[in-house]
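Each remark here refers to the structure printed beneath this line.
Residue numbers (the numbering used here): 909 to 1044.
Below you can see the structure in the form of structure tokens.
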């Protein structure tokens, strides 16, 4: 359990760093995203103390992914890169219905949903590769 927790926290840190970097990149490519995030009718302002929970998400997901990897790693063949890539891709594919429902039920742009999806893809691929490399 300690190994899963430690590995999950490492994965969470990697996902946090990637998420922050990708957000900046997406703001540069699509400046309208920043305006969309400032919509107080949709999102809490960063000054709201509840927004600190936002930074718990990647660590919680990292721990869950580490546990899931420990349970399923025998299902993946190949070297650590292929195993991790496959694991991350499968997890990401499971998130697609949530992206579709978010777009269809919330007044957010397709660009926002696309940025979330692309960011999630990069983060989970890297998470999978980290998990596979450490548990090969």
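We put the beta carbon where it would ideally sit given N, CA and C, even for glycine.
Keep in mind it's a predicted model, so treat the numbers as computed, not measured.
Buried is the label assigned to residue 1031, since at least 16 other Cβ atoms lie within 10 Å of its Cβ. Exposure of residue 954 is indicated by the presence of fewer than 16 other C-beta atoms within 10 angstroms of its C-beta. Each residue's CA atom was taken as its position, placing residue 937 and residue 1023 some 10 Å apart. DSSP places residue 946 in no alpha helix (DSSP H); its state is neither H nor E.
With a 10 Å radius around the Cβ and a threshold of 16 neighbouring Cβ atoms, residue 991 comes out buried. C-alpha of residue 970 to C-alpha of residue 994: approximately 16 Å in a straight line. Taking a cut-off of 8 Å on C-beta distances, the region 973-983 touches the region 1035-1043, as three or more cross pairs fall below it. Residues 1027, 1030, 1031 and 1034 of the same chain have their beta carbon placed closer than 8 Å to that of residue 926, with the five preceding and five following residues left out of the count.
In the structure shown, residue 985 adopts coil according to DSSP, grouped into three states.
In the three-state DSSP reduction, residue 957 falls in the helix class (H, G or I). Residue 1043 carries a coil assignment under DSSP once its states are collapsed to helix, strand and coil.
With respect to the C-alpha of residue 1010, the residue from 1021, 1000, 1002 and 1001 having the closest C-alpha is 1021.
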